[in-house]
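Residue numbers (this note's numbering): 138 to 520.
Here it is as structure tokens:
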């Protein structure tokens, strides 16, 4: 852990907001910082905590004892589009200049439903790189259809999006994702669901809820050679290893990195650009049926030879752009960028919103369950 970085995040995390920040060395898996808000004073436990303070911690609706980096799940929103793009590249379905059959005009008619893009005016005809940069939902709806439900579920499960990261901290919860097509048979009944579920899965909505640690691990793979480095807090003689990989060749990884650079340079995260440092990243907005949407941003730098990957989730932030400043500033601070350059960051739209809310359990399994055992979310509404 980098104590200076941890303190910096604590000082600069948006005051009064709930959420978490996680920073990793993408080449080793070393956890550089892990922050959850709201927090509590650990010194209060030295010599015995007072009953009133303990009661206030346990009864607070903000759940300060919850480590939101490893003990809370959120819909990944558009940060998930990098996973879908990686699946499609791995399977040879698309390349960096691939177009989809239908240009984005603000939405896509599929069967008797209209699936909206966050940009009601549309993005037009895009390549894969451009679709990632602009976070075009219509492009990824069609990519989800091309992949198909079975391939989406197979790859997501193979890549660990239904499990834990294995970080050496207690009480990490599993992320949630459907096990396979049989999941939908149980949820809706045999043959009572359609391939339309792939559209929601492709944009990080639907039956998909990930921990911040899980999503940061994905971007750790994109920032390195595609292999998983299990995150760790306690340094050992040898870092914990794994054979898991995205199974992408160097050219495919370069394609995704260049698309993520475009996100920051000219796309949905352009408010995070820094003079003298190129950041690669992706925004995400996770719809929340209980209130304002949650905001994601995950990025790494230097983009061409990453030394740090940082992810942030800010609850009820309305847009993914709200998480950009804390990530960019954290990266800049770690790499020694001039402080004045980082403080000029400001939040701007576009919103990068996903189009439809779903019921997501933000709190851990120890609380009363409100969902099917095999589900990250409740049954999506029919529109």
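C-beta: ideal position from N, C-alpha, C; glycine also.
### Message
Cutting at 7 Å between CB atoms, please list the residues of its own chain near residue 484, excluding the five before and the five after it.
### Response
Confidence is the limiting factor: at residue 484 the pLDDT is only 45, short of 50, which leaves the residue's position unreliable, though a coordinate-based value still follows. Sequence-distant Cβ neighbours of residue 484 in its own chain, meaning closer than 7 Å and more than five residues away, are 408, 458, 459, 461 and 462.
### Task
Consult DSSP for residue 470 and reduce its assignment to one of helix, strand or coil.
Residue 470: helix per DSSP, three-state reduction.
### Task
Counting only the same chain and skipping the five closest in sequence on each side, list residues whose C-beta sits under 8 Å from that of residue 187.
181
### Message
Can you check whether the C-beta of residue 420 is within less than 8 Å of a C-beta belonging to chain B?
### Response
No chain B is present in this structure, which holds just one protein chain.
### Query
Which ranges does the beta strand (DSSP E) cover as unbroken runs of at least 3 residues, wholly within the stretch 151-227, from first to last along the chain?
156-161 and 168-174
### Message
Suppose you measure from the CA of residue 245 to the CA of residue 339; what does that come to, to the nearest Å?
### Response
For residue 245 and residue 339, the distance between alpha carbons rounds to 13 Å.
### Message
Given this structure, state the Cα-to-Cα distance separating residue 235 from residue 178, to the nearest angstrom.
### Response
Whole-angstrom Cα-Cα distance: 52 Å.
### Query
Within the chosen definition, does the stretch 248-268 reach the stretch 310-330 through at least 3 CB pairs nearer than 8 Å?
no
### Query
If residue 336 sits next to residue 281, beta carbons under 8 Å apart, how far is it from one beta carbon to the other, in whole angstroms?
5 Å
### Task
Could you tell me which of 149, 165 and 151 sits nearest to residue 373, measuring between CA atoms?
165
### Query
Where do the N-terminal and C-terminal ends of the alpha helix (DSSP H) with residue 282 fall, by residue?
274-284
### Message
From the DSSP secondary-structure annotation, give me the bridge partner or partners of residue 241.
### Response
261
### Query
Going by C-alpha distance, which of 403, 349 and 398 is nearest residue 450?
Nearest option by C-alpha distance: 349.
#### Entry: In chain order, each beta strand (DSSP E) run of at least 3 residues that lies wholly inside the stretch 401-431
417-423
### Query
What is the C-beta distance between residue 343 and residue 334, in whole angstroms, given that I count them as a contact (C-beta under 8 Å)?
6 Å
### Query
In chain order, what residues of the same chain lie with their CB nearer than 8 Å to the CB of residue 172, ignoring the 5 residues before and after it?
143, 146, 147, 150, 157, 158, 159 and 206
### For residue 448, the residue or residues it bridges with in DSSP
159 and 435
### Task
Would you mind working out which of 214, 297, 193 and 153 sits nearest residue 419, comparing C-alpha positions?
214
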